[in-house]
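In the UniProt record's numbering, the protein residues as written are 1 to 340.
Here a beta-carbon is modelled for each residue, glycine too, at the ideal position from N, C-alpha and C.
See structure below.
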């Protein structure tokens, strides 16, 4: 059966690798990262459920389309496989056309969802339309609300309970924490095309920080029920958010290390580098951005007066220029070296 299946796929111009048992299949998947997996349920050494479980736990293999192949047609087998995250189910015996149709359909759907969508309102609509093509959430598009924000307008506050995931269509947003005396520490900066507000939603806890618009902004609000349905309905979508979450955690850990051990001069350089990395659009021109000294102090974790003195030093060294709240970075590479 394995050889016949491989031969049918090879005649259809697919490149095929086969494994005689589950452990060998997991090894080949980790080594070659295939575009699709067809896996029998009943196998020696490791059955199909075990293969799917192991691959689903690894972020590098969790988003590979997975089709179960079995002679069993009982509903409980079908339900168990789909609950674990299988994308489809093919029952033996099957004919050539049935096999090729299901493979082609799953590859096309996987490719559509892997596309790099434009980071804009149009890109969000594209993402939603592709998700809908997986029979996931029609309501995600229907219930999408867009909120226009003024500069310094609050999006959510620390201690409130999450009810939405946010997508920044336009503008800039900061997330920050406050201590007992009201001092702020900026934990994250968001730009157009970023999702935010989903960490606490995933944890089922109140917001651990507040979010506020740095300038006029437009934010799409996705209801939490639709967001969870989207994550639970497709492994590829959930893997996307898992990667986003893991990257955000790594970035925050690195910033905390800089905050704990670096001098103020290095931390101010790091803050300027972060602004360039987050918000520079035209790399052919020096980066400029209007930002208050208080916000930079919140990024650095020091007094505003100390930040002002350090920025003045940078200006004398011709690393930056300042005109009111507008800061222009001339020597980005020197600032990068300075922060290390």
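For this session: Taking residue 168 and residue 192 to be in contact with their CB atoms under 8 Å, please state how far apart those CB atoms are, rounded to whole angstroms.
Result: 6 Å
Exercise. In chain order, what residues of the same chain lie with their CB nearer than 6 Å to the CB of residue 2, ignoring the 5 residues before and after it?
Worked result: 18
Exercise. Less than 8 Å separating the beta-carbons of residue 210 and residue 185?
Worked result: no
Exercise. Would the beta-carbon of residue 264 fall within 8 Å of that of residue 306?
Worked result: Result yes, Cβ atoms of residue 264 and residue 306 sit closer than 8 Å.
Exercise. Can you give, in chain order, each stretch of the alpha helix (DSSP H) that sits fully within the UniProt domain "HTH crp-type" (262-333) and has at least 4 residues?
Worked result: 264-279, 293-300, 304-316
For this session: Taking only beta-carbon positions, decide if residue 61 is within less than 8 Å of chain B.
Result: Absent here is chain B; the protein component of the structure consists of one chain.
Problem set entry | residue 310 classed as buried or exposed, judged by whether at least 16 other C-beta atoms fall within 10 angstroms | buried
For this session: Compute the Euclidean distance between the alpha carbons of residue 338 and residue 275, then round it to the nearest angstrom.
Result: 15 Å
For this session: Tell me whether residue 97 is buried or exposed, calling it buried when 16 or more other Cβ atoms sit within 10 Å of its Cβ.
Result: exposed
Exercise. The beta strand (DSSP E) spanning residue 170 covers which residue range?
Worked result: For residue 170, the uninterrupted beta strand (DSSP E) run begins and ends at 164-170, by DSSP.
Problem set entry | Sub-8 Å separation of residue 64 and residue 36 beta-carbons | Pairing residue 64 with residue 36 gives a Cβ-Cβ distance under 8 Å.
Exercise. With 16 as the cutoff for other CB atoms within 10 Å, does residue 174 come out buried or exposed?
Worked result: buried
Exercise. Residue 88 by DSSP, collapsed to three states: which one?
Worked result: strand
Problem set entry | Nearest-angstrom Cα separation, counted from residue 47 out to residue 359 | Coverage of the chain is limited to positions 1 through 340, which leaves residue 359 absent and any answer about it impossible.
Exercise. DSSP beta-bridge partners for residue 357?
Worked result: Because the chain spans 1 through 340 in this model, residue 357 falls outside it and cannot be assessed.
Exercise. According to DSSP, what are the bridge partners of residue 32?
Worked result: Residue 32 is not bridged by DSSP to any residue.
For this session: Report, in whole angstroms, the separation of the C-beta atoms of residue 269 and residue 335, which I expect to be a contact under 8 Å.
Result: 5 Å
For this session: Going by CA-CA distance only, name the one from 189, 42, 33 that's closest to residue 171.
Result: 189
Exercise. Taking the alpha-carbon positions, what's the residue 325 to residue 288 distance?
Worked result: When rounded, the distance between both Cα atoms is 10 Å.
Exercise. Going by C-alpha distance, which of 266, 312, 279, 316 is nearest residue 300?
Worked result: 266
Exercise. Rounded to a whole number of angstroms, what is the C-alpha to C-alpha distance between residue 102 and residue 110?
Worked result: 12 Å
Problem set entry | Exposed unless 16 or more other CB atoms sit within 10 angstroms - verdict on residue 22 | buried
Problem set entry | First through last residue of the alpha helix (DSSP H) which encompasses residue 199 | 199-203
Exercise. When the Cα atoms are used, what is the spatial distance from residue 216 to residue 318?
Worked result: 31 Å
For this session: Label residue 25 either buried or exposed according to how many other C-beta atoms from any shown protein chain fall within 10 Å of its C-beta, with 16 as the threshold for buried.
Result: With 16 or more Cβ atoms within 10 Å of its Cβ, residue 25 is classed as buried.
Exercise. Taking the continuous alpha helix (DSSP H) assigned at residue 54, which residues delimit it?
Worked result: 48-56
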